[in-house]
Each structure stands twice: as C-alpha cells, then as structure tokens.
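Protein chains in written order, with my numbering: chain A, 363 to 744; chain B, 56 to 608. Don't be surprised by glycine CBs; every beta carbon is placed ideally from N, CA and C. For reference, the structure is listed below as structure tokens.
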Amino acid sequence: MKRPSLSGILHSRALFLFGCVLGGLGIAGVIMAACGYPVGAAYGALWTGATGIQTGPADGLSQIGFVIAGRQVHIHLFLFAQSLARATPLILTGLAVAVGLRAGLFNIGAQGQMVLGALGAAVAGQAHGLSPAIHVPLVLLTGAAVGACWGAIPALLKSRRGVHEVLSTILLNYVAVNLAAYLILHGLKDPERMAAETREIAASAWLGTAPFALQSNLTGGFLIAVVAAVGFAALLPWTAWGYRLRAVGLGPEAAEAAGIKVDRTRIFAMALSGALAGAAGAIEVMSVHHRYVEGVAATYGFDGIAVALLGGLSGIGVLVSALFFGALESGAAFMESQTNVPADLAVIVEGIVILFAGIRLVRRSRAREHIEEGRQATDVSA
Amino acid sequence: MSEPPSNSTNPTAQPIARTKALVRLERVTKRFPGIVANDRIDLTIQAGEFHAVIGENGAGKSTLLNILYGRYRPDEGQLIFEGDDAPCLFAGPADAIRRGIGLVSQHYASIPALTVLENVILGQEPTTAGGLLNVRAARRRIGELASRLGLSGLDLDMRADRLSVAAGQKVEVLKALYRGARLLMLDEPTATLAPSEADALFVLLHELTEAGTTLLFVTHKLREVIAHSDRVTVLRRGRNAGDFLTSRTTEAELLERMVGRSSPSPMASTILTAQAEGKGDLSVDLLSDSLGEEKRSNGSVLRVERVSTRASGGARPLVDVSLEVAGGEVVGVAGVDGSGQRELAEVIVGLRGPDTGAILLDNMSIARKDVRERMGLGVGFIPEDRQRAGLVMDFTIAEDLLLGHERERKCGGGLFLRRRAMQARADTAIKTYDIRGGLLGARQSVQTLSGGNQQKIVVARAIESAPRLLVASQPTRGLDVEASEFVYRSLREVQERGAAILLFSLDLDELLAMSDRVAVLFDGRIVGILPRGQATRDTVGALMTGSVSGSAP
C-alpha cells in the first residue's frame with residue numbers, strides 16, 4: 363500500500379505545485395508590467411481578495427483584527443468567505459472528473475451533468491411545506507441523482523456500443539444545456555421573469571449563509587464539498603469498491619481476468635462522477651441563485667478537469683487545487699475592483715500553472731515509457 | 056558466404072584473415088533504469104557469415120539488435136561500420152536502413168489492411184515521372200526478388216492480415232531485402248513457427264548467405280544455432296560470454312556459457328539438455344512417473360464438450376473443441392501461435408462465452424457463469440500476457456496479490472478492506488514465493504520488479520486459493536531458468552494436491568516435459584490428443600502444422 367510520508371509529499375508534489383504557482387504569478391506579472399499596470403498594487407489586491415488578509419486600519423466591514431509584529435493585520439471575512447464559496451463547485455466538479463479518470467474514463471461532461479443537476483434541484487426545490495431537515499437533503503439528492511443518470515449514459519454507451527466517452531460526454535453537454543433550455547421554455551419558466559429561469563425554490567431548501575459573512579455566498583455547501591473530498595480520499599485506499607475502481611482504471615485487462623466486472627465498475631464510477639457534478643449544480647442553486655438560471659454552471663464543469671489534474675486525482679489534492687483556483691478567481695475579482703487590472707489575469711495565471719503542471723505529467727509518463735521499454739527490451743529476471 | 060571460418064583453432068579469439076568485418080561493436084553499453092541491458096559488449100560481424108547470437112531471455116539480445124538498428128543509442132561504446140575509421144552513430148532506423156541493415160523483429164510490422172506488395176514497398180515506393188505510384192515497376196522488382204529466393208508462391212496481392220505467421224515472416228525478409236539490406240538481423244524468428252515452417256525458413260536463410268547477405272540470427276534455441284550458424288556469440292546478463300566457431304563448439308559448452316553455472320538445477324537442465332539434444336520426449340520419463348490412466352479414473356475435473364465460438368475482433372474461432380482434464384493430471388495444449396490457445400483459455404475461465412457446447416467443472420456446468428463465479432468454484436488462471444492481463448502494473452505487490460480476492464471475508468468481505476490483513480497476507484506470500492523486490496516489501500510497486508518476480512505474484516495469486524483447475528497460459532514466457540523452475544515447481548505442487556492443470560505453451564519441450572497428455576490445436580480445432588508415450592517433438596510437431604490428423608480419443 364502506498365503510504366507516502368508527509369515529508370515526501372512536501373518535497374515532491376506540493377513543492378512542485380507551489381513552484382508552478384509562483385511561476386504562473388511571475389509570468390503574469392511580466393505580462394501585467396508590459397501592459398503598464400501597477401504590478402505591486404495589483405498583486406497586493408489579489409492577495410487580499412483571495413485570503414481576506416489586509417494590513418492597515420480596519421474599514422468597518424466584518425473582520426477580525428490582529429496585531430502581528432507591531433502591525434495591524436485584518437482578516438476580511440467577506441473576501442475570505444467568497445474564496446471558499448467560489449471553490450465549492452470546483453471541489454465537486456474536480457472530484458467528478460477525478461472519479462471518472464480513476465476508473466479510466468475521461469469525463470468531459472461534468473458541465474452538462476452540473477446543468478441538469480441544478481435544474482433537477484430547482485424543480486425539487488419548488489415543493490412547499492417541508493421542513494429544511496428533509497427538504498435540503500431531498501433537493502441535494504435530486505440534483506445528484508439527475509447528474510448520476512446523465513453521467514451513466516456515456517458509460518453505458520461505451521460498454522454496450524463502444525462509443526468513446528470523450529466524444530459522448532462532450533456531445534451530451536450540448537444536449538444537457540439545450541434540454542434544460544427546452545424544459546424551462548415548456549413549463550418550468552417563472553412567468554413573472556423575463557429571463558429563462560425557474561421559479562424561486564422554497565426557503566426550506568436554501569442553504570444558510572455562513573454566520574460570520576452574511577453578505578457572501580459561502581454556505582453549508584462548502585462543508586458538503588469538503589466531506590465529499592475527504593470521503594473520496596478514504597474511498598480509494600480503504601474500501602473494496604475503491605480498490606476495484608483503481609484496478610479497473612490502471613489495468614482493465616488484469617481486473618477483468620481476475621473476475622472484476624469492468625463495465626459495471628465503470629458505469630458506477632461514471633454515475634458517481636455525474637452525481638458529484640449534479641450536487642455541485644444543486645448547491646449553486648441552493649446557495650447562490652435560489653432558482654435555476656442560465657449559466658448557473660458557469661464553466662465549473664470544465665474547470666473541474668484542470669482542478670482534478672492539478673490535484674493529482676486524489677481527494678485532498680482536488681480539495682487543495684480547488685481552493686487555490688477559487689481563491690485566485692475570487693481574488694482577481696477584488697483586484698479588478700481595486701486597481702482596474704482585469705480579472706481575466708486569473709485565467710492567465712491558471713493557464714500557466716496548468717501548463718507547468720502538465721509538463722511534469724508528460725515527463726513522468728515519458729519516464730515510465732522509458733522504463734517499460736527497457737523492461738521489454740531486456741526482461742531481466744531476478 | 057565467402058569463406059567458412061572453420062580453420063581457426065581458438066574459438067574465443069578469432070584471427071580470421073580472409074573475411075572482412077562488416078560491423079564491429081566496441082564496448083557497447085546500454086542502460087535502462089535499474090538495468091544494464093548491454094554491458095561493454097564487443098562483437099564483430101564478418102561479411103557474409105551466418106552469425107548467431109544466443110542467450111536466455113533477458114540476456115540483452117533484443118537491445119543489441121535495437122542498437123544495431125539505430126533504435127537505441129548506446130550510452131557508451133561505439134559501432135564501426137566496414138572500413139570506416141570513424142565510429143558510426145545512427146540517428147534512427149532510417150539511417151541504419153540506408154547503411155544496409157534490415158531487421159525482422161519478433162513482432163513484425165506489417166500494416167494489416169495493406170497488401171503484401173504495398174507493405175514491401177512502403178517507405179520506398181517507386182514512382183513514375185509524374186510522381187504517381189509505379190505499381191508495375193514495384194511488382195516486377197519484388198517478383199524478381201521473390202523468385203530468386205524461392206518465394207514465387209507468395210501472393211503479392213493478398214492482404215497482410217490474411218497471411219499465416221510463416222508467410223508474414225517471409226514478407227518481412229522480402230521487405231528488408233527490397234530496401235537493400237546487406238546485413239539482415241532476425242529476432243527469434245522461429246519462436247512462433249511450427250518445426251516444418253522453421254525448416255523452410257532456414258532453407259531461405261541459407262540461400263541468402265549463398266547470395267552474399269550477412270545474417271545476424273538471434274535465438275535462444277541451441278539446436279538452431281548448432282545446425283545452421285557459422286559463428287555464435289553467447290550473451291549472458293548483458294555481457295558477451297564468448298564467441299565461438301560453430302564447428303568447434305558443442306551444445307553443452309554453449310549451454311554452460313548461457314546459463315553460467317556448471318550445474319543448473321534439475322528441471323531446467325533437463326529441459327535445456329533435452330532441447331539441446333533434440334529429444335524433447337526424453338525428459339518426460341525423467342520428470343515424473345506416468346500416472347495417466349490411474350489419474351483419469353479419479354474422474355475428470357474439467358470437461359469441455361464440443362465448444363465452438365464465433366470469430367470476433369480478430370479472435371480465432373474455436374470449432375467443436377472437446378477436452379478432459381482429470382484431477383492430478385496435466386494436459387498440455389500445443390499449437391502454433393494463434394491456433395486458438397488464447398480463445399480456449401478464455402472460454403474456460405469465463406472471459407469469453409462459448410456459442411455452443413458445454414463446460415463442466417466437477418460435473419457442474421459453468422458455461423453460463425462469469426469469471427468471479429468460476430474462480431469461486433475453484434478455477435485458477437495464469438494469463439499469458441503478464442503485464443496486461445496478469446498484473447495491474449501501477450499497483451503495489453500487496454494490491455496485486457489482492458486482485459480478485461478483494462471481496463473475500465479475510466480481506467474485508469465487503470465495504471472496507473482490512474489493510475492490515477492484506478499486508479500480512481502479502482508479507483506471507485513474499486516469503487513463501489520468494490518474491491524479491493526492493494526495500495519497501497509489500498509496498499513495492501510491481502512495476503519495478505523483474506519479470507520473474509512479477510510472474511511469482513501472478514502464480515501466487517492463482518494457486519493460493521487452492522484451485523481445482525489451474526489454467527496456465529505461457530507461464531514461463533520471457534522468464535529465465537530460475538524463475539521458470541519456480542513456475543514448474545508450483546505447477547507440480549498444484550498437481551500433487553490433486554488439481555487439474557491445463558497448460559498452454561509455445562515451448563514444445565516444456566510442454567512435453569510437463570504434460571501427462573498433449574492436445575494439439577490447429578486452426579481452432581483439436582487435431583489430436585496424445586498420451587505421454589506417443590507425444591514427441593515429431594508427432595506433436597506434425598499435428599501442429601496440420602499436415603497429419605491425429606486421433607482424438
């Protein structure tokens with residue numbers, strides 16, 4: 363069993379990723395300077411926006427103050443909460459992609475699964491007269507169930523008809539978005555609104571906002587996402603199903619020959635993947651919009667791919683990389699409001715970080731090929 | 056051949072004046088992570104000779120060929136071509152081909168959907184003045200070449216995927232010569248051929264040397280080296296363990312150099328000696344007493360009755376296959392590669408469904424049961440492709456040992472894995488089966504293990520649950536003597552426990568040595584089942600080519 367030591371993790375992956383982040387910020391800084399923006403002020407604002415940490419006197423918003431080394435330091439709770447809120451759907455879609463990849467399937471359809479999950483949740487949220495203790499889980503599970511059904515389709519197509527999942531998941535994204543639009547147009551639309559949106563969900567299905575940052579989008583949904591990440595981290599090494607999932611992903615032929623049902627495992631994995639993406643949609647509806655709105659899934663489903671890969675397909679890795687992306691995007695929005703540097707800078711940083719991380723992935727798989735080649739060429743025994 | 060260099064007196068140092076060196080390798084070293092595949096190899100290939108390179112699996116033969124063919128760059132040492140003063144560094148196979156080197160590799164590289172003609176000219180297509188493909192010119196040139204080699208029977212318009220293995224090999228030879236190869240290298244060309252096909256290949260090769268082509272022939276079969284080569288180089292553990300004039304050496308001497316110890320253990324030496332002496336059946340009597348009749352009266356453990364499968368996805372369809380294996384009996388399945396061995400093994404373990412026919416384990420029909428159910432009933436399986444079907448290469452030893460057992464009570468029995476039990480189980484297996492890896496023990500990644508130790512994991516997993524029937528496909532392929540012995544010992548233990556063993560192997564000597572009876576597959580049918588007394592290289596070999604049909608009991 364792999365049980366890498368803490369120092370091993372620190373030295374390899376985490377340190378490397380930290381380097382990637384620094385590199386990304388460095389290059390983006392050069393670009394900013396070349397465009398004539400104030401780099402120092404922009405990164406100061408980005409940092410504050412991402413973490414909520416600000417030096418100087420308090421300005422009245424909800425915050426905690428410290429004095430460190432003689433300087434006043436404040437944690438701006440709203441900004442901090444926004445970063446976590448932004449990370450919430452990314453954690454779930456990142457996990458969704460990771461589950462699929464662990465089973466050997468590249469789920470590019472988290473976007474569509476999230477859209478339909480959100481719609482399902484919005485419909486289930488219309489029910490009235492339920493207590494929150496029932497209604498909240500009901501709406502969440504409805505979103506997850508719709509996502510699971512949508513996610514299982516590509517796996518079924520693959521096992522029954524040999525359709526490649528990359529193709530089917532991409533195409534099903536379009537189907538999902540248009541299906542949602544169609545359903546809203548034909549019956550689900552709120553007649554009182556101009557936009558194509560559903561009615562508001564009942565208050566009993568709302569997820570409460572964090573008490574320390576009532577203006578933010580941070581809700582209990584964040585905790586659900588963290589629990590999912592920790593659960594996923596435990597699932598892989600500790601459960602028989604997680605073991606089968608890894609076997610199927612890493613060596614489908616060997617798994618099959620040992621009596622593991624590869625197709626069935628993959629269908630379950632894709633259903634779980636879809637359920638996580640669907641839950642992301644449900645949480646966005648329950649926390650932020652309180653109804654299905656167009657663009658509820660933003661690009662979270664696609665961003666989940668980057669989150670999953672950067673996080674090394676592990677539960678904790680996904681959690682950390684989603685928090686990073688969330689903080690970066692949320693910080694960039696704050697930066698734009700403070701310094702006029704476009705928030706799109708975050709996209710540049712993300713792109714560079716993924717590029718760097720990708721280089722390592724490629725190099726590692728090259729090294730593996732090399733070992734493999736050597737083994738085949740020699741097959742030296744004992 | 057310009058001059059058979061047979062008048063030298065010292066076999067290890069070759070002062071041959073009248074032949075010219077074609078290529079010289081000087082202290083060539085090639086390393087792979089954790090392995091020195093070629094270790095300071097010196098080798099001289101004389102123009103026009105039939106030069107054999109012999110060594111066990113893993114001795115570094117394929118690496119050597121790949122260096123000569125420009126696929127690998129040596130880490131140290133150099134390659135000096137003909138009369139050149141400067142060492143030559145190939146940038147890639149294209150360079151080597153330009154220099155007149157051709158390679159017929161183990162897994163040859165024809166494009167299935169193209170015809171023989173199209174495959175041969177691929178990369179050097181003759182064109183007309185207008186830049187169009189000049190098929191007529193190509194046909195003429197290849198036709199001439201083929202008839203000079205006595206291959207005029209070859210249908211140039213046949214699609215490559217319809218060729219037999221033997222014909223495919225001839226096409227590869229043709230391909231290399233078409234590209235102007237002066238040095239033709241062949242990597243274990245007879246491994247997948249029936250004896251008579253191999254003989255035909257040697258006739259062709261001798262014709263090539265007559266015509267002045269130099270041959271570098273890589274094999275691990277002593278008999279072929281002695282019968283056909285002019286000179287032989289023995290590789291052992293990546294080093295040159297000696298150059299010999301074939302006429303001045305013996306099989307025993309070569310064997311000793313190959314194996315590298317004076318007294319190889321009984322099973323291996325028996326098999327190798329039997330192989331060397333060309334008497335595969337000799338070893339039969341030495342290895343175990345014949346119990347055939349008595350065993351079969353125990354009642355059959357496995358009964359395959361008139362099983363047929365459809366052709367699907369390149370699989371060879373099985374036709375009306377019937378077979379019985381009794382408890383304590385080993386039934387070997389012989390056949391040229393691709394005769395349906397893989398399909399038969401898969402049908403029995405449940406990876407492939409029979410379309411018609413019955414499969415019975417201890418008189419219970421299992422044809423409708425899936426792999427897991429059959430394993431639960433006592434079917435053990437050693438798949439032929441160790442690294443794909445046998446192991447999850449990215450797993451640790453402990454994880455790979457668990458494969459297929461993860462639902463069992465002792466491993467957790469359901470939702471959660473009992474990792475401590477798993478660990479203990481792995482530690483025991485490592486000790487029992489002497490799985491040698493690295494410092495991490497059961498947590499060592501399987502990827503880093505040698506082929507022999509990887510196979511020990513596969514074997515351990517298959518026999519640990521005390522199977523009633525063990526289906527072993529090519530269990531020693533690619534293994535060295537020591538690891539092969541381990542496999543033989545394990546099979547014998549399983550047999551002594553009274554289990555039935557169905558052994559698939561392309562190594563006829565191994566099959567004859569291990570089996571109580573030998574069934575021969577040809578073209579998806581069983582063409583004969585021979586009891587041990589009657590199964591010899593000749594009788595089985597004849598059945599393998601389909602030239603005679605035996606009597607299936």
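I'd like to confirm the pairing. Which residues does DSSP put opposite B/Q133 in its beta bridges?
Answer by DSSP bridge pairing, in chain order: B/E81.
What separation, rounded to the nearest whole angstrom, lies between the Cα atoms of B/T67 and B/V175?
Interpretation of B/T67 is limited by its pLDDT of 44, a score under 50 that renders its predicted location unreliable; no figure is taken from the coordinates.
Compute the Euclidean distance between the alpha carbons of A/L638 and A/G479, then round it to the nearest angstrom.
Spanning the two alpha carbons is a distance of roughly 9 Å.
With respect to the alpha helix (DSSP H) encompassing B/R427, which residues constitute its N-terminal and C-terminal limits?
V426 to G431 is the span of the alpha helix (DSSP H), which, as asked, contains B/R427.
Would you identify the three-state DSSP class for B/F577, choosing helix, strand or coil?
Three-state DSSP puts B/F577 in a strand.
Could you pull the DSSP bridge partners for B/N93 from this structure?
Its beta-bridge partners are B/K85.
Helix, strand or coil: which one does DSSP assign to B/I490?
In the structure shown, B/I490 sits in coil (DSSP, three-state: anything other than H, G, I, E or B).
Any idea if B/N418 is buried or exposed, counting beta-carbon neighbours within 10 angstroms, 16 or more meaning buried?
That one is exposed.
Candidates B/V108, B/V159 and B/R475: which alpha carbon is nearest B/L256's?
Among B/V108, B/V159 and B/R475, the Cα nearest to that of B/L256 is on B/V159.
In chain order, what residues of the same chain lie with their CB nearer than 6 Å to the CB of B/L241, ignoring the 5 residues before and after it?
Around B/L241: V159 and F272.
Alpha carbon to alpha carbon, how far is B/Y543 from B/S338? Give it in angstroms, no decimals.
With a pLDDT of only 35 at B/S338, under 50, the local geometry of the prediction cannot be trusted, and no value is derived from it.
Run the CB neighbour count on A/I721, radius 10 Å, all protein chains shown included, and call it buried at 16 or more, exposed below.
Per the 10 Å Cβ criterion, exposed.
Which residues in the same chain have their Cβ closer than 6 Å to the Cβ of B/A527, if we skip the five residues on either side of it in sequence?
Taken in chain order, the residues that qualify are I437 and L558.
Just to confirm, is the Cβ distance from A/G583 to A/S649 under 9 Å?
Yes, the Cβ-Cβ distance between A/G583 and A/S649 is below 9 Å.
Quickly, what does DSSP pair B/L380 with across the bridge? List them, please.
Here the sequence assigns Val to residue 380 of chain B, which means Leu is not the residue at that position. DSSP lists B/L357 as partners of B/V380.
What in chain B is Cβ-close to A/L612, meaning under 8 Å?
Under the 8 Å cutoff, chain B gives V447, M448, D449 and F450.
Inspect the beta-carbon positions of B/I452 and B/A497 and report whether they are closer than 9 Å.
It is a contact, given that the beta carbons lie within the stated cut-off.
Over the uninterrupted alpha helix (DSSP H) stretch that includes B/D455, give me the two end residues.
That run of the alpha helix (DSSP H) goes I452 to L457.
Might you give, ordered along the chain, the residues of its own chain that have their beta carbon closer than 6 Å to the beta carbon of B/T247, omitting 5 neighbours on each side?
V220 and D392, listed in sequence order.
Within its chain, find whatever has a CB closer than 6 Å to the CB of B/T118; leave out the 5 residues flanking it on each side and keep chain order.
Closer than 6 Å at the Cβ level, and outside the excluded window around B/T118, lie K85, A92 and N93.
Flag this pair as yes or no: are the beta carbons of B/L259 and B/A215 separated by less than 9 Å?
Not in contact: B/L259 and B/A215 (Cβ atoms no closer than 9 Å).
Please confirm whether B/D410 has its beta-carbon closer than 9 Å to some beta-carbon of chain A.
Chain A contact via Cβ: absent.
Please check if any C-beta of chain B sits within less than 9 Å of the C-beta of A/I629.
Judged by the 9 Å Cβ criterion, A/I629 is not in contact with chain B.
Please report the straight-line C-alpha distance between B/S320 and B/R480, rounded to a whole angstrom.
Residue placement at B/S320 cannot be trusted, given a pLDDT of 41 that sits under 50; what the coordinates show is reported in the next sentence. Whole-angstrom Cα-Cα distance: 29 Å.
DSSP has B/N189 in a bridge; who is on the other side?
Per DSSP, none; premise fails for B/N189.
Give the single residue among A/I415, A/L690 and A/L675 whose Cα lies nearest to the Cα of A/G386.
Minimum Cα distance to A/G386 is reached at A/L690.
Identify the residues that DSSP records as bridge partners of B/M240: which are they?
Answer by DSSP bridge pairing, in chain order: B/L158 and B/L271.
Per DSSP, which residues does A/V435 bridge with? Please list them.
A/T417 and A/F428.
Tell me whether the beta-carbon of A/G693 lies closer than 9 Å to the beta-carbon of A/T410.
Contact: yes.
Tell me whether the region 606-626 of chain A and the region 442-456 of chain B touch, counting them as touching only if at least three CB pairs, one residue from each stretch, are closer than 8 Å.
Contact between the region 606-626 of chain A and the region 442-456 of chain B is present, because at least three Cβ pairs lie under 8 Å.
Are there three or more Cβ pairs, one per stretch, closer than 8 Å when the region 406-425 of chain B is compared with the region 598-607 of chain A?
Because the criterion of three Cβ pairs below 8 Å is not met, the region 406-425 of chain B and the region 598-607 of chain A do not touch.
To the nearest angstrom, how far is the alpha carbon of A/H526 from that of A/I515?
Approximately 12 Å, taken between the alpha carbons.
Can you tell me whether A/T571 is helix, strand or coil according to DSSP?
Reduced to three states, the DSSP call for A/T571 is strand.
Out of A/V435, A/V669, A/A506 and A/G391, which has the shortest C-alpha to C-alpha gap to A/L452?
It is A/V669 whose Cα lies nearest to the Cα of A/L452.
Anything in chain B within Cβ reach of A/A617, meaning under 8 Å, just list it in chain order.
Per Cβ cutoff of 8 Å: V447 and L458.
Going along chain B, which residues have a C-beta under 7 Å from A/I622?
Here the neighbours are G459.
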